[in-house]
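*Asks:* Below: one structure in structure tokens.
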Amino acid sequence: MRKVLLATASLLALAVSSSAFAADNDSYVQQIGTSDSAAINQSASSGANNSSDVRQNGNSNTAAVSQSGGAGIANYSAINQSDNSNVASVTQVGYGNDQNNSWITQSGGSNTASVSQTDAVGDNWSSITQAGTGNIAGVAQGNNRGDNSSSVTQTGNYSQASVVQGGDGGWSTNTSTVIQDGWGAAYNIASVTQAGNSDNASTVQQTGNGNTAGINQSGAYWVNNTSSTYQSGTGNAISVVQH
Amino acid sequence: MPYPRAAFIVGACLLLTTFASRASTEDLSEIEQVAGNRAAIAQTGTANSATLEQRVILGRFGANVATLTQEGSHNTADVIQKGSRNEVVLGQFGDNNAAQLGQYGFGLKTDVTQSGNGGGITVNQFGIGGGPVIVRQH
Chain R
-14 MRKVLLATAS LLALAVSSSA FAADNDSYVQ QIGTSDSAAI NQSASSGANN SSDVRQNGNS
46 NTAAVSQSGG AGIANYSAIN QSDNSNVASV TQVGYGNDQN NSWITQSGGS NTASVSQTDA
106 VGDNWSSITQ AGTGNIAGVA QGNNRGDNSS SVTQTGNYSQ ASVVQGGDGG WSTNTSTVIQ
166 DGWGAAYNIA SVTQAGNSDN ASTVQQTGNG NTAGINQSGA YWVNNTSSTY QSGTGNAISV
226 VQH
Chain G
248 MPYPRAAFIV GACLLLTTFA SRASTEDLSE IEQVAGNRAA IAQTGTANSA TLEQRVILGR
308 FGANVATLTQ EGSHNTADVI QKGSRNEVVL GQFGDNNAAQ LGQYGFGLKT DVTQSGNGGG
368 ITVNQFGIGG GPVIVRQH
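One line per chain: the protein sequences are R and G, in this order. -14 is the number of the first residue of the first sequence in the numbering used here; add one for each residue after it. 248 is the number of the first residue of the second sequence in the numbering used here; add one for each residue after it.
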């Protein structure tokens, strides 16, 4: 009888421990060459984490990462691409108190990076760094409760950055930083749109000539909208709308 | 009752169009706000332009506060503020800069400094408690 009780207790403990420590998803991809592609799709159960690391070296590579899961998960995605004409896209979806985290680094020209993060309660965090000419960065973060944070840094000319945070009825705090550092005729474009029922904060910094910055912040009447924009060069234009 | 009515209209809709040069040492410190809009714009270089529009629903707490600094020549600034408390501090340093400021609501404050040759400034205030409007051109 004693052995039966011990065996039963051991089985119970094993069952509890296996449910409390759900298995994480981990992926690492490295590709060296031209026109390579990587597609990572991760779905975690509640309490587990998704983690993806993609490194591509060469021209015309494509990396697509999709991560989702139940409540209490954390999504981590890192994409590093070097050389020209690469495409990186990240989609992270959380349905509970989740954390979405994305890093994208691209060096070379004509690269495209896009990040889409949605969460019911948790926080969204995105960082995009691009160096070269003609790069495009797009970030969309939606959240009912929690914080949205985005950082885009582009070094070079003829680049575009678009950041959209929040949405109707959301209670997230939105924070965005866009830095575009051009040389001479830069002609970079930065667009930031923030909306919701919590505070909005935007920082845009552009250097070089012919840059354009557009900031639109909106929210309920108790919302603080804060915008800080700096441009250095000739023929630059800033448009800020707050309401 | 033509005069009281006229006085009320003038009081309720205060229009100031200022091209004159005025000097003052009044300090327009930042407004402590419960909620509202705050924008800081800085541009250095030539032929830059900035447009700013801030709106707070009348009767709500909160303020519109804007600080614009342009250093260089041929820069333009266009600012519109609508709300209970509005404040603009604009500095343009260089030649032939131009600015247009429009404020609608209550508690309106404008402080403009232009240095250089040929600067132009237009300030329009519509509301109650217009001013102070401070314009320094030198």
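Where is the CB? At the ideal position from N, CA and C, for every residue including glycine. Model, not experiment: these values are computed from the prediction.
Taking 8 Å as the CB-CB limit, is A(-6)/R close to chain G?
*Replies:* Position 9 of the first sequence holds residue -6/R. Summary for A(-6)/R: the model assigns pLDDT 38, below 50, so the residue's position carries little reliability; its value from the coordinates is reported in the next sentence. Chain G, which has no Cβ nearer than 8 Å to the Cβ of A(-6)/R, makes this no.
*Asks:* Can you name, in chain order, every residue of its own chain whose Cβ lies under 7 Å from the Cβ of Q227/R, other than the five neighbours on each side?
*Replies:* Position 242 of the first sequence, counting from 1, holds the residue named residue 227/R. Once the five neighbours on either side are set aside, the close Cβ partners of Q227/R are Q202, N210 and S212.
*Asks:* Quick check on Q15/R: buried or exposed, where buried means 16 or more other Cβ atoms within 10 Å of its Cβ?
*Replies:* Locating residue 15/R in the first sequence gives position 30, where the first residue counts as 1. Looking at its Cβ environment, which holds fewer than 16 other Cβ atoms inside 10 Å, Q15/R is exposed.
*Asks:* Determine the closest residue to T323/G out of E334/G, R332/G and F340/G, with distance taken between C-alpha atoms.
*Replies:* For this step, residue 323/G is matched to residue 76 along the second sequence. With distances taken between Cα atoms, T323/G lies closest to F340/G.
*Asks:* Just the Cα atoms here: how many angstroms apart are S224/R and N60/R?
*Replies:* Here residue 224/R corresponds to residue number 239 of the first sequence, with the count starting at 1. Here residue 60/R corresponds to residue number 75 of the first sequence, with the count starting at 1. Roughly 35 Å separates the two Cα atoms.
*Asks:* List the residues of chain A that T219/R touches, going by C-beta distances under 7 Å, in chain order.
*Replies:* Protein chains in the displayed structure are R and G, and chain A is not among them.
*Asks:* Using 8 Å as the limit for Cβ to Cβ distance, is A222/R near chain G?
*Replies:* As a first step, residue 222/R is located in the first sequence; it is residue number 237 there, counting from the start. Answer yes: the Cβ-Cβ gap between A222/R and chain G drops below 8 Å somewhere.
*Asks:* Between Q190/R and G378/G, what straight-line distance do the alpha-carbon atoms span, to the nearest angstrom?
*Replies:* On the first sequence, position 205 is the one that residue 190/R refers to. On the second sequence, position 131 is the one that residue 378/G refers to. Roughly 32 Å between the two C-alpha positions.
*Asks:* Please tell me whether Y143/R and G119/R are closer than 8 Å, where the distance is taken between their beta carbons.
*Replies:* Translated into the one-based positions of the first sequence, residue 143/R becomes position 158. Translated into the one-based positions of the first sequence, residue 119/R becomes position 134. Contact: yes.
*Asks:* Can you name the start and end residues of the beta strand (DSSP E) that A98/R belongs to?
*Replies:* Within the first sequence, the letter at position 113 stands for residue 98/R. It spans T97 to D104 - the beta strand (DSSP E) in which A98/R sits, taken as one unbroken run.
*Asks:* Excluding five sequence neighbours on each side, which residues of the same chain lie with their C-beta closer than 6 Å to the C-beta of A49/R?
*Replies:* For this step, residue 49/R is matched to residue 64 along the first sequence. These residues qualify, in order along the chain: A24 and S74.
*Asks:* On the CB-based measure, 16 or more other CB atoms within 10 Å of its CB, does G169/R come out buried or exposed?
*Replies:* Against the first sequence, residue 169/R aligns to sequence position 184. It is exposed - the Cβ of G169/R has fewer than 16 other Cβ atoms within 10 Å.
*Asks:* Hey, how far is the Cα of G107/R from the Cα of K329/G?
*Replies:* As a working note, residue 107/R is residue 122 in the first sequence. As a working note, residue 329/G is residue 82 in the second sequence. Their Cα atoms are separated by approximately 35 Å.
*Asks:* Can you check which of these residues, V100/R, A205/R and T162/R, is closest to D184/R by C-alpha distance?
*Replies:* By 1-based counting over the first sequence, the position of residue 184/R is 199. Of the listed residues, the one whose Cα sits closest to D184/R is A205/R.
*Asks:* List the endpoints of the continuous beta strand (DSSP E) containing W207/R.
*Replies:* To locate residue 207/R, count along the first sequence from 1; it is residue 222. From DSSP, W207/R is part of no beta strand (DSSP E); its letter is neither H nor E.
*Asks:* For R40/R, which residues does DSSP report across the bridge?
*Replies:* In the first sequence, counting from the first residue as 1, residue 40/R sits at position 55. Answer by DSSP bridge pairing, in chain order: Q15/R and N65/R.
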